[in-house]
Amino acid sequence: MAVGKNKRLSKGKKGLKKRTDPFARKDWYQVKAPSTFNIRDVGKTLVNRTTGLKNANDALKGRIFEASLADLQKDEDHSFRKVKLRVDEVQGKNCLTNFHGMDFTQDKLRSLVRKWQSLIEANAVVKTTDDYLVRLFAIAFTKRRPNQIKKTTYARASQIRAIRKKMTDIMAREASSCTLTQLVTKLIPEVMGREIEKSTQGIYPLQNCHVRKVKLLKQPKFDLGNLLSLHGESNTDDSGQKVEGNREFKEQVLENVVGFQQCDVAQHLNFITGNKNKLAEVQAILSSTPVELKSQNVDLVEIQGTIEEISTDKARRAADAINGPVLVEDTCLCFNAFSELPGPYVKWFLKALGVKQFHKLLAGFEDKSAQAVCTFAYCEGPGHEPIVFQGRTDGKIVEARGPTDFGWDACFEYDGQTYAEMPKEEKNKISHRGRALAKLTEWLKAEV
């Protein structure tokens, strides 16, 4: 090979373009979850910077992100749920998302399937009150009955059909009576799963009842106002510091910042109860306030403790489930001869004995005196500390007189009459519930 000058190497790289870093043309955007979830910052996403007719916002809208519910709720118990969030609007450097679906992880699903039991699945297509069309998928498994000897727990085909009908009915009822946001708050604490397990006990005992998947089929026309109200202040940078002890400054902040929540409270308040008689009584007493009381039946875990501890814990749990202002109530009956027992556990004694036998609890005691105690706890929303309002009425336990359709009213005598014998207007003035609500009414009129 001849050694000489290579003409092509000496000319340089005139024909090649200068390479640029592709990330230099991209921007980072923050992905924000709706206020339904405790943790709002989902993560960051990349997009090409706006150039010419290509808008970065258009490229971001419609993107779907999948996040673990454990990260969104800061609770590892929800690690088996995956939530899909869809970008609907871009505000500055923030992508505002909405709920797009939910699913279980494969390892969770496979851990539920076992031998010697029946797997029952059902699905329902439901339209929410804000016109979102969703398909809900439920799953449940049969379980052994108490003292069962047989190894298998297979349900008959007729039982499976009956259970499947119950599952679809419950999903349709719960989802069609609420908005998409409220549906998400029901999915997180597994409200529908517990309702299915409870309502099918008469057909066949079930376990591991879950709404395992939610698929969004159709959504209404995009409304920016609804999305912004769903996110609150997520489209602005969070800054500032909580100031305590300065009453004047605190009142000014409440008027300017939390005015939307105060307006909500003035319009309606969610009363957590499934008792129609109790709802009617509370509505009658609160009729003088600007608050409209709405009933919400939420299945809450009840801790053991004092009446105040039970009420405040229930208020926190209910506020997390409803994601809004809630009012919970707990009633207890304290026998002086029993050192204030049965207290908050009176309903179990009443259920076991019945109203007509209830007075026999004090048959061996001369002291028949008792105190009826009612505790209301109000919580403005998730993260807020509950406020407690308590009323007490002294009376005595007697043999049942009057209608027996409202708890232990027929056994509790005040000034010669049992609660059941009194006209409702008179009872509301002197009852433990009426006295607690009088304090609540006074507070509502001052705050709302």
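Residues in the sequence shown are numbered consecutively from 1086, following the numbering used here.
Glycine included, C-beta positions come from ideal geometry on N, C-alpha and C.
Only a predicted model underlies this, so the values are computations on that prediction, with no experimental measurement involved.
For secondary structure counted as the alpha helix (DSSP H) over 4 or more consecutive residues, the region 1371 to 1413 holds these complete runs in sequence order: 1392 to 1407.
Taking all protein chains shown into account, ASP1479 has fewer than 16 neighbouring C-beta atoms within 10 Å of its C-beta and is therefore exposed. Note on the region 1467 to 1494: whole beta strand (DSSP E) runs with a minimum of 3 residues are 1472 to 1482, in chain order. Comparing alpha carbon positions, the residue from ALA1455, ARG1241, ASP1405 and GLY1137 closest to ILE1357 is ASP1405. Out of THR1489, LEU1145 and LEU1194, the CA that lies nearest to the CA of LYS1178 is found in LEU1145. Per DSSP, LYS1235 lies in no beta strand (DSSP E) segment and is marked neither H nor E. For PHE1450, the closest alpha carbon among the candidates LEU1435, THR1182 and SER1424 is that of SER1424.
Between GLY1466 and PRO1410, the CB-CB gap stays under 8 Å. One thing to note: ASP1384 has its Cβ within 8 Å of the Cβ of VAL1276.
VAL1168 sits close to LEU1157, with the two beta carbons spaced by under 8 Å. Going by DSSP, SER1454 is part of the beta strand (DSSP E) stretching over 1454 to 1464. Annotated three-state conformation of ILE1149 is strand, per DSSP.
Taking 3 residues as the minimum length, the beta strand (DSSP E) runs contained wholly in the region 1284 to 1316 are 1291 to 1303, in order along the chain. With respect to the C-alpha of VAL1367, the residue from LEU1131, THR1460 and THR1503 having the closest C-alpha is THR1460. Within the same chain, Cβ atoms closer than 7 Å to the Cβ of ALA1495 are found at VAL1440, ALA1485, ARG1486, GLY1487, PRO1488, THR1489, THR1503 and ALA1505, the five residues on either side in sequence being excluded. LYS1481 places its beta carbon less than 8 Å from that of SER1454. One thing to note: THR1270 has its Cβ no nearer than 8 Å to the Cβ of THR1397. Boundaries for ARG1110: no beta strand (DSSP E) harbours it, and the DSSP string shows neither H nor E there. Cβ-Cβ distances below 8 Å link THR1130 to TRP1113, TYR1114, VAL1116, LEU1145, ARG1148, PHE1150 and CYS1180 in the same chain, with the five nearest sequence neighbours on each side left out; the list follows chain order. With fewer than 16 neighbouring CB atoms inside 10 Å of its own CB, LYS1509 falls in the exposed class. As the crow flies, the alpha-carbon of SER1284 is around 15 Å from that of ILE1205. By the C-beta density criterion, PRO1375 is exposed, having fewer than 16 other C-beta atoms within 10 angstroms.
Per the C-alpha coordinates, the member of THR1253, MET1187 and GLU1377 positioned closest to LEU1301 is MET1187. Looking at the DSSP output, ASN1183 shares a beta bridge with ARG1171.
By the Cβ rule, the region 1256 to 1265 does not count as touching the region 1188 to 1205, because fewer than three pairs are nearer than 8 Å.
The region 1185 to 1230 is shown to contain whole alpha helix (DSSP H) runs of 4 or more residues at 1191 to 1197, in chain order. By the Cβ neighbour-count rule, ARG1402 is buried, with 16 or more other Cβ atoms within 10 Å of its own.
If you ignore the 5 residues before and after GLU1394, its C-beta comes within less than 8 Å of the C-beta of ILE1388, all in its own chain and listed in chain order. When secondary structure is reduced to three states using DSSP, THR1130 falls in the strand class.
Taking a C-beta distance under 8 Å as the contact criterion, ILE1407 and GLN1442 do not qualify as a contact pair. Residue pairing by DSSP places ASP1415 opposite THR1460 in a beta bridge. A Cβ-Cβ contact shorter than 8 Å links LYS1298 with PHE1222. If you draw a straight line from the Cα of ASP1162 to the Cα of ASN1293, it comes to about 14 Å.
Under the three-state reduction of DSSP output, LYS1139 falls in the strand class. Residue environment: ILE1234 is assigned as exposed (fewer than 16 neighbouring CB atoms within 10 Å of its CB, all protein chains considered). In its chain, beyond the 5 residues on either side, ILE1288 and TYR1289 have a beta carbon closer than 6 Å to the beta carbon of GLN1244.
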